[in-house]
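Counting in UniProt numbering, the sequence shown tops out at residue 138, every number present. All C-beta atoms in this analysis are idealised placements derived from N, C-alpha and C, irrespective of residue type, glycine included. I have placed the structure first, in the form of structure tokens, so that the comments after it can refer back to it.
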Amino acid sequence: MDWVTGLVPGGKENFNAFLVIVDRYSKSVRCLPCNKEETAMDTDLLFWNNIIATCGVQKLIISDRDPKFTSEFWNNLYDMLGMKIIFSTAYHPQTNGLAERMIQTMEDIIKRSVHMAWNIRTMKGTPMTGLHFSQQSS
């Protein structure tokens, strides 16, 4: 479980972040749009509605040391549901490699789609000066 932040706000809700959750066994990925400013309780609700409600209670969660995941609220939730949490070491992305790789892939896709959109916009607005038409009459 990890965050992608620093995105330009978009959509009706002005989401500016993603919560990325990767299942280690099936390798399935869930990218949940959210806001960077959400609290631990907001994050819990997002996790509950999108992961626990559809996939069931997880036995083990690997996450970075984001304050949203280390709060007392989340610790009580882990204890209540019988989940174990492992926090990755700072600057050691190998601990949560699946999520880190997925985030890198997402960032690449976003960058490419933004560049493609800019290229299309540039092409539409650029006059084709190198194209000349001639009419020949006989």
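> Shortest alpha-carbon distance to residue 149 belongs to which of I109, G56, D108 and T5?
Replying inline: No statement about residue 149 is possible, as the shown extent of the chain runs from 1 to 138 and does not include it.
> Based on the DSSP output, what are the partners of I103 in its beta bridges?
Replying inline: Taking the first residue of the sequence shown as 1, we reach residue 103 at position 103. Residue pairing of I103 in beta bridges, as defined by DSSP: absent, with no partner found.
> So F18 is in the beta strand (DSSP E); what residue range does that whole segment cover?
Replying inline: Here residue 18 refers to the residue found at position 18 of the sequence shown. It spans A17 to V22 - the beta strand (DSSP E) in which F18 sits, taken as one unbroken run.
>> For L7, report the span of its alpha helix (DSSP H) as first-last.
In response: Your numbering for residue 7 matches position 7 in the sequence shown. The continuous stretches of alpha helix (DSSP H) do not include L7, and DSSP gives it neither H nor E.
> Do you know how far the Cα of C31 is from the Cα of D23?
Replying inline: Working through the sequence shown from its first residue, we reach residue 23 at position 23. Working through the sequence shown from its first residue, we reach residue 31 at position 31. Whole-angstrom Cα-Cα distance: 12 Å.
>> I need the boundaries of the beta strand (DSSP E) containing K84, first residue and last residue.
In response: What you label residue 84 is simply residue 84 of the sequence shown in a count that begins at 1. Bounds of the beta strand (DSSP E) holding K84 are K84 to F87.
> Tell me which same chain residues have a C-beta within less than 6 Å of the C-beta of Y78, skipping the five on either side of it?
Replying inline: Numbered from 1 along the sequence shown, position 78 holds the residue referred to as residue 78. If we look at Y78 and ignore the five residues flanking it on each side, its Cβ neighbours are I85.
> So what does DSSP say about R112, is it helix, strand or coil?
Replying inline: Sequence index remark: in the sequence shown, residue 112 carries index 112 (1-based). If DSSP states are grouped into helix, strand and coil, R112 belongs with the helices.
>> Please classify I109 as buried or exposed, where buried requires at least 16 neighbouring CB atoms within 10 angstroms.
In response: Here residue 109 is taken as the residue at index 109 of the sequence shown, counted from 1. When all chains shown are included, I109 counts as exposed.
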